[in-house]
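What follows is one structure encoded as structure tokens, with my remarks underneath.
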Amino acid sequence: MATVSGRPDVDVDLTHEQLREMYELMLLARALDERMWLLNRAGQAPFAVSGQGHEGAQAGAGFALDPSKDWLVPYYRDLTLALRFGTSPRDVMLHMLARAADPNSGGRQMPGHYSSKAHRILSGSSPIATQIPHATGIAFAAKARGEDTVVITGFGDGATSEGDFHEAMNFASIYKLGVIFLCENNGYAISVPQKKQMAVERVADYAKGYDMPGVTVDGLDAVEVYAVAKEAVDRARRGEGPTLIEAIVRRLTPHSSDDDDRTYRSAEELEDMHSSGPLRVTRNRLMEIGALSDDWEQETKERIKTLVNDATEHAEQSPLPDPGTLADHVYAKDGSRM
Amino acid sequence: MREITYTEAAREGLDEEMARDSSVFVVGEGIGKRGGNFNTTLGLFDKYGPQRLRDTPIAERGFIGMCTGAAMTGTRPVVDFMFFDFILDATGEMINQIAKMQYMSSGRLKMPIVLRGCVGVGGSSATHHSGNYYSFYSHVPGWRVVLPTTPRDAKGLLKSAIRSDDPVLFLEHKLLLNTRGEVPDPDVDELIPFGKASVRREGTDVTAVAFGMMVNRTLEAAETLAQDGIRVEVIDPRSVAPLDMETILESLAKTGRMVIVDEDYGPAGMGAEIAALVADRAFDELDAPVRRVNGVHTPIPYSPPLEAAVVPNRDTIIGAIRDLVAE
Ligand SMILES: Cc1ncc(C[n+]2csc(CCOP(=O)(O)OP(=O)(O)O)c2C)c(N)n1
Numbered sequence: 002m003a004t005v006s007g008r009p010d011v012d013v014d015l016t017h018e019q020l021r022e023m024y025e026l027m028l029l030a031r032a033l034d035e036r037m038w039l040l041n042r043a044g045q046a047p048f049a050v051s052g053q054g055h056e057g058a059q060a061g062a063g064f065a066l067d068p069s070k071d072w073l074v075p076y077y078r079d080l081t082l083a084l085r086f087g088t089s090p091r092d093v094m095l096h097m098l099a100r101a102a103d104p105n106s107g108g109r110q111m112p113g114h115y116s117s118k119a120h121r122i123l124s125g126s127s128p129i130a131t132q133i134p135h136a137t138g139i140a141f142a143a144k145a146r147g148e149d150t151v152v153i154t155g156f157g158d159g160a161t162s163e164g165d166f167h168e169a170m171n172f173a174s175i176y177k178l179g180v181i182f183l184c185e186n187n188g189y190a191i192s193v194p195q196k197k198q199m200a201v202e203r204v205a206d207y208a209k210g211y212d213m214p215g216v217t218v219d220g221l222d223a224v225e226v227y228a229v230a231k232e233a234v235d236r237a238r239r240g241e242g243p244t245l246i247e248a249i250v251r252r253l254t255p256h257s258s259d260d261d262d263r264t265y266r267s268a269e270e271l272e273d274m275h276s277s278g279p280l281r282v283t284r285n286r287l288m289e290i291g292a293l294s295d296d297w298e299q300e301t302k303e304r305i306k307t308l309v310n311d312a313t314e315h316a317e318q319s320p321l322p323d324p325g326t327l328a329d330h331v332y333a334k335d336g337s338r339m
Numbered sequence: 202m203r204e205i206t207y208t209e210a211a212r213e214g215l216d217e218e219m220a221r222d223s224s225v226f227v228v229g230e231g232i233g234k235r236g237g238n239f240n241t242t243l244g245l246f247d248k249y250g251p252q253r254l255r256d257t258p259i260a261e262r263g264f265i266g267m268c269t270g271a272a273m274t275g276t277r278p279v280v281d282f283m284f285f286d287f288i289l290d291a292t293g294e295m296i297n298q299i300a301k302m303q304y305m306s307s308g309r310l311k312m313p314i315v316l317r318g319c320v321g322v323g324g325s326s327a328t329h330h331s332g333n334y335y336s337f338y339s340h341v342p343g344w345r346v347v348l349p350t351t352p353r354d355a356k357g358l359l360k361s362a363i364r365s366d367d368p369v370l371f372l373e374h375k376l377l378l379n380t381r382g383e384v385p386d387p388d389v390d391e392l393i394p395f396g397k398a399s400v401r402r403e404g405t406d407v408t409a410v411a412f413g414m415m416v417n418r419t420l421e422a423a424e425t426l427a428q429d430g431i432r433v434e435v436i437d438p439r440s441v442a443p444l445d446m447e448t449i450l451e452s453l454a455k456t457g458r459m460v461i462v463d464e465d466y467g468p469a470g471m472g473a474e475i476a477a478l479v480a481d482r483a484f485d486e487l488d489a490p491v492r493r494v495n496g497v498h499t500p501i502p503y504s505p506p507l508e509a510a511v512v513p514n515r516d517t518i519i520g521a522i523r524d525l526v527a528e
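Here it is in structure tokens:
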């Protein structure tokens, strides 16, 4: 049932303005991401993890969802999706610099663990793949309430080796739940390449075992991902169940700020990988469609720079968490019903 | 004696055991060509090849179960798990299978498996890269749980762990990995036994039993207190299961006062166990109640100022010991 999407002339129902918004989201995510990396290198944050190279897959999928009612259950590279669901640049930097006002966790979680109750972004954990059953559970509860909510969860190719992934897929399919399983396949689990992680050729092949559609799509092209995700979301919304989408992406950075990928990726491979990326591919696509102009792009990049500077300064001036609050939230406040 | 790091020493121990016994192999994520997230296997891939340094998919429950099967039939797997928090998914395997298999087979099957990796708070590692869990596993019959704090102990205890027919949790506090210390030359086949504490500093006023990174913090505190004439004896049990109570009680007989310094949680922890054993076996030796210094009973936060407040430091240990001496 796994299919490979390959529709270069794909016709999508987005206006030129919406297409520009989608690309702008990718530019914003990239600019924030680069700043986060710099803050880490400058010693202002102990840790950074990046979504550079994954923006196209996330923007395309994100635009197929309805942030006013759908849920996002992200993993640590899902900055673009988090922004799409309403996280602001200031929120991103408050989280990155672990300030008391970090709306995600008040500085308790590592960077890259985006969440917001207000925006229906579920808090994730560092152990790989643990978010996938949670996404399924949200869809399970939504279905029980009679809502047509769709839940998207992001994860890497490595995460598909965990039982959590397979068990969640099975549940979602048995109960016909509205889950979009978005595998952002960058070919690596830290240093371990895909061929050492799975015998199947494509992650999307796993869908067969759970009797759900599985689609592989070029994750560098946001427009193409949108088309695939839209179909999956429509299907989920109609109550017809989950879809596994495998978006082929590139990890343009080392695994995290603690990694040096030159120890396991050759110079040629690194050079080849950097020869293209989602920003370039999506930009070319929008240029062909006639949705972009150089002026617009110039102006947008300026605006984004201002936003990123503002967010960084805002977070830098914001206070650190007070050690007196260390033990807050281990248990619910007034949570006892006994 | 030459000085090398904790990680180098443990790696040397692993290398020696792999050279000595071809049934020893390592599994883990990125332990092949990359040499491990913490350089635990650096250079060994070139020496022993992909069969004996097996990069795995991210499936902790799966590869621990797989190594359990392999261990029962005569091989000696070393599972390199990075952070203890990552193998919590394998808790069923670890408690139901590994710990009980020798018992269930009335000794017909052996369980020579080593699970090694990091524990401990430090470096803003947050809720899922900071767990300790050694007191947890000391509660489970069947496991050997070791917690080396010096490079020499890391090497000697890892060698013992690999030769052990019992399952061993070999836990490395992440802040100790790059610390340096004296280690005998490579040709010295030094095996350090489990259940033998090391007296890291002698003293006559207070016995301080410390675990993992807290051994170093307590040694720093002892140094400062010595300037005020308070002589602290610092004991590093090195393994929590078995626990060397003899050395601890001998020290108490000398000092009459005891504090247990453990960054792990207080409730149902090592300090509670030691205090209970002391009350049972040496109540008359006590000149003051046994005191505990523990990490705060919360998940571990990322934020540097919050993280710093979660574990005992030199000053909190000094304060606790001064109070104990004044009692
Ligand atoms: C249960 C668990 N095991 C191991 C790790 C360490 N780890 C963090 S990220 C990662 C690789 C994940 O690879 P993948 O799912 O492909 O996502 P990518 O980072 O490539 O986007 C690993 C092994 C972890 N966080 N949790």
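Chain order of the listed sequences is A and B. The first sequence runs 2 to 339 under this note's numbering. The second sequence runs 202 to 528 under this note's numbering. Don't be surprised by glycine CBs; every beta carbon is placed ideally from N, CA and C.
So residue i and residue j are in contact, right, with Cβ under 8 Å, and what is the actual spacing, rounded?
i               : j                : result
glycine 54/A    : arginine 251/A   : 4 Å
proline 352/B   : valine 384/B     : 5 Å
valine 279/B    : leucine 376/B    : At roughly 22 Å, the Cβ-Cβ gap does not stay under 8 Å, so valine 279/B and leucine 376/B are not in contact.
threonine 345/A : methionine 27/A  : Here chain A covers residues 2 to 339 and nothing more, so residue 345/A does not appear.
alanine 58/A    : valine 226/A     : 5 Å
arginine 439/B  : isoleucine 205/B : About 19 Å separates the two Cβ atoms, so there is no contact after all.
glycine 164/A   : alanine 140/A    : No, glycine 164/A and alanine 140/A are not in contact; Cβ-Cβ is about 19 Å, not under 8 Å.
alanine 230/A   : asparagine 186/A : With a Cβ gap of about 15 Å, alanine 230/A and asparagine 186/A do not count as contacting.
arginine 238/A  : aspartate 149/A  : 5 Å
arginine 418/B  : asparagine 297/B : Actually they do not touch by this definition, with Cβ atoms about 36 Å apart.
alanine 101/A   : isoleucine 259/B : Contact doesn't hold; Cβ gap of about 33 Å is too wide.
Could you list which residues in chain A have their beta carbon closer than 9 Å to that of residue i, in chain order?
i                : result
glutamate 230/B  : Gly159, Ala190, Ile191, Ser192 and Val193
isoleucine 522/B : Going along chain A, no residue has its Cβ under 9 Å from isoleucine 522/B, so there is no contact; the nearest lies around 22 Å.
Quick one: list the residues of chain B neighbouring residue i, beta-carbon separation under 8 Å, in chain order.
i               : result
valine 331/A    : His498, Thr499 and Pro500
glycine 328/A   : First, the amino acid is wrong: residue 328/A is alanine here, not glycine. Within 8 Å Cβ-Cβ: Val497, His498 and Thr499.
glutamate 269/A : Residues of chain B passing the Cβ test: none, with the nearest at roughly 16 Å.
serine 127/A    : Asp286, Ala327, Thr328, His329 and His330
glycine 164/A   : Ala260, Arg262, Gly263 and Asp290
arginine 109/A  : Ala327, Thr328, Pro500, Pro502, Tyr503, Ser504 and Leu507
Residues of chain A with CB closer than 8 Å to the CB of residue i, please, in chain order.
i               : result
glycine 324/B   : Pro47
valine 511/B    : Leu327
aspartate 516/B : Per Cβ cutoff of 8 Å: no residues; aspartate 516/B is ~14 Å from chain A at best.
Quick one: which chain A residues come within Cβ less than 7 Å of residue i?
i                : result
leucine 316/B    : Within 7 Å Cβ-Cβ: nothing; leucine 316/B doesn't reach chain A, min ~16 Å.
alanine 398/B    : Those do not exist, as alanine 398/B stays about 32 Å from chain A at its closest Cβ, beyond 7 Å.
isoleucine 296/B : Within chain A, no residue comes near isoleucine 296/B; the closest Cβ sits about 17 Å away, beyond 7 Å.
aspartate 256/B  : Val193 and Lys197
Going by DSSP, what residues sit across from residue i in a beta bridge?
i               : result
glycine 357/B   : Glycine 357/B pairs with nothing; no bridge assigned.
glutamate 202/A : For glutamate 202/A, which the question treats as bridged, DSSP gives no partner whatsoever.
cysteine 319/B  : Phe284/B and Glu373/B
threonine 154/A : Val74/A and Phe182/A
alanine 119/A   : Note: alanine 119/A sits in no beta bridge, so no partner.
arginine 459/B  : Residue identity check: residue 459/B is methionine in the sequence provided, not arginine. DSSP, once it has assigned bridges, lists Thr408/B as partnering methionine 459/B.
leucine 254/B   : Val227/B
proline 194/A   : Tyr189/A
valine 433/B    : Val407/B
Could you list which residues in chain B have their beta carbon closer than 7 Å to that of residue i, in chain order?
i               : result
alanine 99/A    : Tyr503 and Ser504
threonine 264/A : Arg235
glycine 242/A   : Result: empty, since nearest Cβ-Cβ is about 26 Å, beyond 7 Å.
What does residue i touch in chain B if you count any residue whose Cβ is under 9 Å from its own?
i             : result
proline 322/A : Pro502, Ser504, Pro506 and Leu507
ask   = Any chance the stretch 133–145 of chain A sits against the stretch 164–171 of chain A, with 3 or more Cβ pairs inside 8 Å?
value = With the cut-off at 8 Å, the stretch 133–145 of chain A and the stretch 164–171 of chain A touch.
message = Measuring CB atoms only, is the stretch 485–493 of chain B touching the stretch 457–466 of chain B, in the sense that at least three cross pairs come out at less than 8 Å?
response = Put simply, the stretch 485–493 of chain B touches the stretch 457–466 of chain B. At least three CB pairs are less than 8 Å apart.
key: Cβ pair count under 8 Å reaching 3, the stretch 71–85 of chain A against the stretch 476–488 of chain B   = Segments in contact, no.
message = So, does the stretch 325–338 of chain B touch the stretch 389–405 of chain B, judging by three or more C-beta pairs under 8 Å?
response = No: the two stretches stay apart, fewer than three of their Cβ pairs being nearer than 8 Å.
request  = Would you check if there are 3 or more beta carbon pairs closer than 8 Å linking the stretch 299–318 of chain B to the stretch 84–103 of chain A?
outcome  = Contact fails: fewer than three Cβ-Cβ distances are below 8 Å.
message = I want to know whether the stretch 270–278 of chain A touches the stretch 201–211 of chain A - three or more CB-CB distances under 8 Å.
response = Output reads no: the stretch 201–211 of chain A does not touch the stretch 270–278 of chain A.
Any 3 or more C-beta pairs closer than 8 Å across the stretch 315–328 of chain A and the stretch 496–509 of chain B = The answer is yes - the stretch 496–509 of chain B touches the stretch 315–328 of chain A, with three or more Cβ pairs under 8 Å.
request  = Tell me, please, whether the stretch 242–255 of chain B touches the stretch 267–275 of chain B by the rule of three or more beta-carbon pairs shorter than 8 Å.
outcome  = As far as the Cβ criterion goes, the stretch 242–255 of chain B does not touch the stretch 267–275 of chain B, which means the pair count is below three.
request  = Check whether the stretch 96–103 of chain A touches the stretch 148–158 of chain A, taking contact to mean three or more Cβ pairs, one atom from each stretch, closer than 8 Å.
outcome  = No, the stretch 96–103 of chain A is not in contact with the stretch 148–158 of chain A.
query = Within the chosen definition, does the stretch 359–377 of chain B reach the stretch 302–317 of chain A through at least 3 CB pairs nearer than 8 Å?
reply = Taking 8 Å as the limit for Cβ pairs, the verdict is that the stretch 302–317 of chain A does not touch the stretch 359–377 of chain B.
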